[in-house]
Structure formats: structure tokens, C-alpha cells
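Top line first, the protein sequences correspond to chains F and R. Counting from 3, one number per residue, gives the positions in the first sequence under the working numbering. Counting from 239, one number per residue, gives the positions in the second sequence under the working numbering. Glycine included, every Cβ here is placed at the ideal spot set by N, Cα and C.
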Amino acid sequence: MRTASELKFGEKVIITHVDENHPSSRRILEVGFTPGQEIELMNKSIFNDPLAFSVRGTLIAIRKNEADCIIVT
Amino acid sequence: MNPHVLDKVPLITLVGPPNSGKTTLFNYLCGKNLKTVNYPGATVEYSIAQLNEKYNLKGEVLDSPGIVSLHPNSPDEHIAIDSLYSHPKYGMADVVLVTIDSSQISRHLLLAKQLIDSGFNLIIVLTMIDILNKRGLEISDEQLSKEMNCSVVSIDGRTGKGIDKLINVVESNLDKVKLNKKKNPVKPNGELKFNSILDSYKLIESIEKKVIHENSGNHQNINIEAANKRIRVLNSFIKNNSNSDLLTYKTDKILLHKFWGLFFFFIIMSLTFTSIFWLAEPVMNLVDILFTFLSAQAVNILGNNWFGDLISDGLISGTGSVMVFVPQILILFLILGLLEDSGYLARGAMLIDRPLSKIGLNGKSFVPMLSGFACAIPAIMAARTISNKRERFLTIFIIPLLSCSARLPVYALLIAFLIPADKAWIGGLILATIYVFSISSSVIVAAIMNKFKHKLVKEEDNSSFILELPAYRKPKLKVVLNNSITSSKIYLKRAGPIILIFALILWFLTYFPNYNPKIETQDLTQEQIKQEISSERLSTSYASDLGKIIQPIMTPVGMDWRVGVSLIAAFTAREVFVSSMALIFKVTSDNQNDLQASLLDAMRKAEIGNTGEKLFTTATIAGLIIFFVFALQCLSTVAISKKETGGWRIPILQVLIFTFTAYILMFITVNGLRALGIS
Numbered sequence: 003m004r005t006a007s008e009l010k011f012g013e014k015v016i017i018t019h020v021d022e023n024h025p026s027s028r029r030i031l032e033v034g035f036t037p038g039q040e041i042e043l044m045n046k047s048i049f050n051d052p053l054a055f056s057v058r059g060t061l062i063a064i065r066k067n068e069a070d071c072i073i074v075t
Numbered sequence: 239m240n241p242h243v244l245d246k247v248p249l250i251t252l253v254g255p256p257n258s259g260k261t262t263l264f265n266y267l268c269g270k271n272l273k274t275v276n277y278p279g280a281t282v283e284y285s286i287a288q289l290n291e292k293y294n295l296k297g298e299v300l301d302s303p304g305i306v307s308l309h310p311n312s313p314d315e316h317i318a319i320d321s322l323y324s325h326p327k328y329g330m331a332d333v334v335l336v337t338i339d340s341s342q343i344s345r346h347l348l349l350a351k352q353l354i355d356s357g358f359n360l361i362i363v364l365t366m367i368d369i370l371n372k373r374g375l376e377i378s379d380e381q382l383s384k385e386m387n388c389s390v391v392s393i394d395g396r397t398g399k400g401i402d403k404l405i406n407v408v409e410s411n412l413d414k415v416k417l418n419k420k421k422n423p424v425k426p427n428g429e430l431k432f433n434s435i436l437d438s439y440k441l442i443e444s445i446e447k448k449v450i451h452e453n454s455g456n457h458q459n460i461n462i463e464a465a466n467k468r469i470r471v472l473n474s475f476i477k478n479n480s481n482s483d484l485l486t487y488k489t490d491k492i493l494l495h496k497f498w499g500l501f502f503f504f505i506i507m508s509l510t511f512t513s514i515f516w517l518a519e520p521v522m523n524l525v526d527i528l529f530t531f532l533s534a535q536a537v538n539i540l541g542n543n544w545f546g547d548l549i550s551d552g553l554i555s556g557t558g559s560v561m562v563f564v565p566q567i568l569i570l571f572l573i574l575g576l577l578e579d580s581g582y583l584a585r586g587a588m589l590i591d592r593p594l595s596k597i598g599l600n601g602k603s604f605v606p607m608l609s610g611f612a613c614a615i616p617a618i619m620a621a622r623t624i625s626n627k628r629e630r631f632l633t634i635f636i637i638p639l640l641s642c643s644a645r646l647p648v649y650a651l652l653i654a655f656l657i658p659a660d661k662a663w664i665g666g667l668i669l670a671t672i673y674v675f676s677i678s679s680s681v682i683v684a685a686i687m688n689k690f691k692h693k694l695v696k697e698e699d700n701s702s703f704i705l706e707l708p709a710y711r712k713p714k715l716k717v718v719l720n721n722s723i724t725s726s727k728i729y730l731k732r733a734g735p736i737i738l739i740f741a742l743i744l745w746f747l748t749y750f751p752n753y754n755p756k757i758e759t760q761d762l763t764q765e766q767i768k769q770e771i772s773s774e775r776l777s778t779s780y781a782s783d784l785g786k787i788i789q790p791i792m793t794p795v796g797m798d799w800r801v802g803v804s805l806i807a808a809f810t811a812r813e814v815f816v817s818s819m820a821l822i823f824k825v826t827s828d829n830q831n832d833l834q835a836s837l838l839d840a841m842r843k844a845e846i847g848n849t850g851e852k853l854f855t856t857a858t859i860a861g862l863i864i865f866f867v868f869a870l871q872c873l874s875t876v877a878i879s880k881k882e883t884g885g886w887r888i889p890i891l892q893v894l895i896f897t898f899t900a901y902i903l904m905f906i907t908v909n910g911l912r913a914l915g916i917s
């Protein structure tokens, strides 16, 4: 099981599941990270946190620990 | 239920996710009477205006802050959403226009769906059609209208095409509202269910497949596979032909680069601050010259009596001391607006989220902190975007330490005293040092306060950073300029009256009771007589009586009551220090020099009592600068801090900690420098 925080640049993956127990999970869904969506890691900030993903045609920056609740293929 | 419906001018409210073209639409619609509404005033105040006359439709348009969903995540979203249901001043909207970026409908339709489910009378406005077209896709308004069961209009933000149609739709919609009884939207209660978001998205995705078509394709025959392919094209960020996406991708590879990103971050921030000084300085000089001229004219016209002095020294110089730093505030707001509109501010927040979270702040503290360099009041309000309460309070706590523009006139005066007039660049260097010092102090204070974070805010709360990075684009100068002018006006309205009133009170205290003292005029020139009268008047004034009470506090830091009175006056607002010093020390008002030059001259001559010891020395001036870096001398900041934190605890802590630190450090600086042989 891999999470979005472990992606490499340029790797395209599909979200399989979002961990409901993470306190940020609802907002993560609301901004567009839903199961079935393809995401790609686009940028990392200094210290590799936060991470910016391309999802649904836009760029969203989220913290590494928030990316951990996004389970990918 | 709603009294709005029949007789009152209909209220049209604009809602939309951030970066969905809402403000552009607002600018097209609004005509006369544009005003910003203070309450409930989220991050940016609400703007309200009459519908432009050329549309031949009566109505008021209300622009609201951007929201992602009807389920709030931070205080600013709370306010924005609550006032959608019932705006404290304007009631509820008769019709809601929701702007949806058509190149991102799968994300943006979520809000539209929530609004419809909630029972709002909704019209969907599709924007950014050109971006969608560049991707080789197009959207069917009719199909979307059928699927969502509400009117849909597409507009072109650059040409204004589609606005007329929108007005027609709004008009017929309002007619319908008049006929039918309007239903009242119901606020969804309870927490948003995880699964209900998933269901909404499933529905939206199926709608998306039906309404998005390839440009040249046959609209009738849609097979699922082709539709899926289209959606994939829509979702992938760089795999399409859109130039703006490619530009964003390439720019981000540099501006968000691990090493270069930080490098450019510092370059951009330094440029921002230096340009504020370069650009504002000539304008500030003009303002200063203008008010000096007016002040002299007032004396010429009204004569050398108490009334003439009241108008010239109290009213005109007081107003001047407020107006002189308006250029700087305007330019700072302008540059911030340009950075935000271009898409960089969100990236800046992302870059420093990690370092800031180490000291208990959040990447989203970045914008409030930046605004803090203009004025703490909008900055503290901007902290509402931070969802975590503790991080928000800590951000609010340190904002007064960031060098706001009200300190600039003070620093300008004190630095001008320190350096020779022909070496202005040293002044710039000192000012830069003060800024760096103020930033480092705020970081240190945040880190120290973070150690006591459990005392600051007790409840544990999820710390989060989720932020959309909008595609880079050319900022809309007109919109940004309008916003900066509005922000500056709000600032003037808030701070202006306080400063003016205290300038007048201070004038009174320094002028009475002995306003026409008798002095020996023999063998004295006209100029000397004026000087004698002024100094005699001051030393027997109410201000001097007050000052003697605080003399014991001022002696340890090598100063006398005159500076003490100015410092106390500065607690109402820092700029008052300059006008107060001008009132107390400006013994003569000659027309040759500007305000600052004659004040500096008087300061150089000032002595402590009759000891012959100079009052202003390098040591005391340095001490004063340090004092101003730390002391929280601004009533408006205290008031807004109380309002935003919902109690007196934080503002009282701020005043006590910052002012105490300021005095101690001033004491150390003055006496330390003296011990080192620098008087």
C-alpha cells in the first residue's frame, strides 16, 4: 500500500482510497482528491514538505502528512 | 418570509471558489456606489455596488469572499458562508450567481451542487471558456442547465461577451421569484459526511461527461470510452496544449525549486520592500511640502493668534502627519495585490509552510505577516484564513512586531537625525537593518510563545495546509489598483480620525493654559520673540505638568518628559509621535524649511533641563528606535486583536509583553552604548 507522499516526480497514479480517519480527509476530498482520480506529483517545497499535486486539472499543495491519507495504486 | 422580494431593490450575490473569475464578473456588473462593507468583513471586505445603469435593471451586486464548499474549514469561510444565508446588513440574496471555472468544472461544480441542494435560487456562470477551448474541448450550457436544473450562462472575462445574456437571465429569474413564493435556503446541519462528498463527486463526474465535448465532435453520440478519454485530457495538467499550463509547469520548476525557489523567494521579497521606499519617497516628499505650505499659509491668513496656531499646527500638520504615509500603504497593497493576482503568493506560502510550522505558525500565516508590513489591522483580519486556532492566535500575536508603515515616519525622523543629509544611503541601510531586526524578533517571539502554546490556546486542533496553486497569469492591473485604493481608504478611515483627534488634544495640552505668556521683549528680534513665547508657553503647559509625572521613567533612559509625552501620545497610534515631537520641539515655524528639517534643527538644539546636556544623542536615538520596534503603540491594533481573538487575554498579553520588552531593551541600548563610549 502506497500513499501519495511516496510518489516520484512524473509518476501518474490513481487514488484508490482516502483515509477517513485523518482529520483533514474531508477537505482533501472537497478540493478534489477522490478515489478514481489520477494524480501526479508536480513540486516539492524545501525540506520536501508541502507537496504539490496535479489533480482534476489544477495544482493543489498539501502537507506530507496530509498526502499520507491518500492511498494510491 | 423575506421582505426583500417585492418592493426592495433585488440583491444579487456573487459566490464562487477562489480563482474562478468572480471578481472579474463583479467588475463587469458593478456601476455606481461601489462601497466595501466592513461587517462581517472577512479577509477582504465585502464589496457592494449598484448594478451598472447600462443594463437597465435595478439591483445591488454583492461580492463575497471565495469559498470551496458550504462546509467551513476556517473562520473566514465561516463568516462568508453564514452571511450567504443571512447577511447581517443585506439579508438574504434574491438570486445567487456562482462562478464556475469551466476548465475545472469537476471541482467547482461541488459548490454549485451544495448551493442548489441547500435551496438557493442559483444561476451558474461559466468562466474561462477560452482555456477549455484551448484544450480542444467545449461545454454545453443547455446540457449543464438540464443536469443541474438551473440556468447556466457562459461569459468571456476578457471581452465581456455573455454579460448581456446573463442580465436577461437574471431579470427573468427575478420575475419568477416575484411570482412564486421564495423558499428559504436551509443551512446543512451537522458535519459533512465523508461519503456524501464521494456521492456528490460521482454525480458531478457523470454530469461532466455529458456536458464536455470535443470541439469538432458530434454532440449527439457520446460513448463512455470517448467521454472517459476526454475527462482524462481534462484532468491531466500538462498533457494538453494549453500554454498557460505549460508556462505554469515550467515556471514552477524554477520558483518552487528546492534551492532556487528559496533564492527567488528572498529576491522577490527584498524587491517588494525596497520598491515600496523607492516608489513612495518622491510622493511622500510632495505631500510633506504641500502640508508645510498649507500650514504656513494658514498662519499668514489667520494671523499669529491661538486660532491660527490651532488650524496650522493642530489641524493641518495633524492631517499632514496622517497623509504622508498613505503613498507607502497604497504601494504595499498594490505590490501585494500584483503578487497575489499573478499566482505567486500561494507559492510563497507553500515555500515557507515548513519553516513557519516549526515555530508554531502556518504557511498561511505568510500573507497576514506580509500585510503586517503595511498595517496590523488588515493583517490581523487576514489571519482568519488559518483554520487552526492556535496557529491563528500565534500569528495574530506576532503581527504587531512586524514593522508597519506607521513606524516609518518615526524611523525616518530618527534616522535623519543620526546621519548627515548628504549620505542618504546610510539611512537606507539602517532602515533595512531595522526591518531585518523586526522580522527576526517576530520569529524569536513566535518560537518562545510556541513553547507556551498549550497556555495560549488550550484546545488541540488539526494543523493543516491545503492550498490551491493557481496557474500563473498576468495580473489585472485595474482590479488590483481598485482594491489597493479601497484598502488604503479603509485604513485612512480607521486610523485617520484617531490620529487627528490626538493631534488636536496634544496641541491643546501643549498650548494652554498659559497661551499668551508675557516675556521680556527688549533687544530681541521678531524671530527670537516668537521662540521665547513658544518655549515659555510649553514649559507652563498642561503637557509639561503631565510630563513631570513620567520624568522618573524617562531619566534612566537618558531622556526627559518631552520625549515621554510624545511616547505616551504614540500609544494611540505610532505616527502621533512625529506630530507630537513637532508640536513640542518645533519652536519656530519658518517657511524656508520643510517640517522635518526644522524639527531636526530643534531636536539638535534640545537640552535636558538646564544642564547643558544634549537630549538627543546617538545613544538615545538608537534607544528610541529599539523601543518602536517592540512597543505595541496602536489602539486600533489592540481593539482588532480583542475582536479577532474573542477576548482581552491576547491583546493584554501583547501590550504588556511588547511594551515591557521595549522599555528594557531601550534601557539596555542607551546605557550599553554609553558604556561603550558612544554617547
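Where residue i falls, given that 16 or more other Cβ within 10 Å makes a residue buried
| i | result |
| --- | --- |
| Ser438 of chain R | buried |
| Asn700 of chain R | exposed |
| Ile377 of chain R | buried |
| Ile590 of chain R | buried |
| Asp761 of chain R | exposed |
| His457 of chain R | Reliability of the predicted coordinates at His457 of chain R is poor, the pLDDT of 45 falling under 50, and no value is obtained from them. |
| Trp799 of chain R | buried |
| Gln766 of chain R | exposed |
| Arg373 of chain R | buried |
| Ser508 of chain R | exposed |
| His346 of chain R | buried |
| Asp551 of chain R | buried |
| Asp783 of chain R | exposed |
| Gln834 of chain R | buried |
| Met619 of chain R | buried |
| His325 of chain R | buried |
| Val20 of chain F | buried |
| Thr251 of chain R | buried |
| Gln892 of chain R | buried |
| Asn276 of chain R | Interpretation of Asn276 of chain R is limited by its pLDDT of 42, a score under 50 that renders its predicted location unreliable; the figure taken from the coordinates is listed afterwards. It is exposed - the Cβ of Asn276 of chain R has fewer than 16 other Cβ atoms within 10 Å. |
| Ala877 of chain R | exposed |
Limits of the unbroken alpha helix (DSSP H) element including residue i
| i | result |
| --- | --- |
| Thr883 of chain R | 873-883 |
| Glu380 of chain R | 379-386 |
| Lys440 of chain R | 432-449 |
| Glu519 of chain R | 498-540 |
| Glu706 of chain R | That residue, Glu706 of chain R, is in no alpha helix (DSSP H); its beta strand (DSSP E) goes 704-707. |
One or two residues paired with residue i in a DSSP bridge
| i | result |
| --- | --- |
| Asn45 of chain F | F:Ala54 |
| Leu300 of chain R | R:Thr251, R:Ile286 |
| Ala811 of chain R | R:Cys872 |
Boundaries of the beta strand (DSSP E) in which residue i is found, first to last residue
| i | result |
| --- | --- |
| Ala63 of chain F | 60-64 |
| Asp339 of chain R | 333-339 |
| Glu578 of chain R | First-last for Glu578 of chain R: 564-580, but that is the alpha helix (DSSP H), not the beta strand (DSSP E). |
| Glu697 of chain R | Counting along the chain, Glu697 of chain R falls outside any beta strand (DSSP E), and DSSP gives it neither H nor E. |
| His495 of chain R | His495 of chain R -> no beta strand (DSSP E), and no H or E assigned at all. |
| Lys14 of chain F | 14-20 |
CB contact flag (residue i, residue j, <8 angstroms)
| i | j | result |
| --- | --- | --- |
| Leu364 of chain R | Glu452 of chain R | no |
| Ile737 of chain R | Val814 of chain R | yes |
| Val695 of chain R | Lys602 of chain R | no |
| Glu42 of chain F | Lys14 of chain F | yes |
| Ala69 of chain F | Ser27 of chain F | no |
| Phe511 of chain R | Gly558 of chain R | no |
| Leu853 of chain R | Glu845 of chain R | yes |
| Leu494 of chain R | Asn45 of chain F | yes |
| Leu599 of chain R | Ala670 of chain R | no |
| Gly974 of chain R | Leu742 of chain R | Look at the range of chain R in this structure, 239 to 917, and you will see that residue 974 of chain R is not part of it. |
| Phe675 of chain R | Val795 of chain R | no |
Residue i Cβ short of 7 angstroms to the ligand PLP heavy atom set
| i | result |
| --- | --- |
| Gly374 of chain R | Judged by which ligands are present, the structure shown has none, so any question about the ligand PLP falls away. |
(message) Which residues of the region 570-599 of chain R have a Cβ closer than 9 angstroms to any Cβ of chain F? Give them in chain order.
(response) Contact residues of the region 570-599 of chain R toward chain F are Ala584, Arg585, Ala587, Met588, Leu589, Ile590, Asp591, Arg592, Pro593, Ser595 (C-beta to C-beta distance below 9 angstroms).
(request) Mind checking the region 12-33 of chain F against chain R and listing, in chain order, the residues whose C-beta falls within less than 9 angstroms of any C-beta there? (result) Listed in sequence order: Lys14, Val20, Glu22, His24, Pro25, Ser26, Ser27, Arg28, Arg29, Ile30, Leu31, Glu32, Val33.
(request) Quick one: which residues of the region 290-309 of chain R get their C-beta closer than 8 angstroms to a C-beta of chain F? List them in chain order. (result) Within the region 290-309 of chain R, the residues whose Cβ lies closer than 8 angstroms to some Cβ of chain F are Val306, Ser307, His309, listed in chain order.
(message) Which residues of the region 60-71 of chain F have a Cβ closer than 7 angstroms to any Cβ of chain R? Give them in chain order.
(response) Answer set for the region 60-71 of chain F: Thr60, Leu61, Ile62, Ala63, Ile64, Arg65, Glu68.
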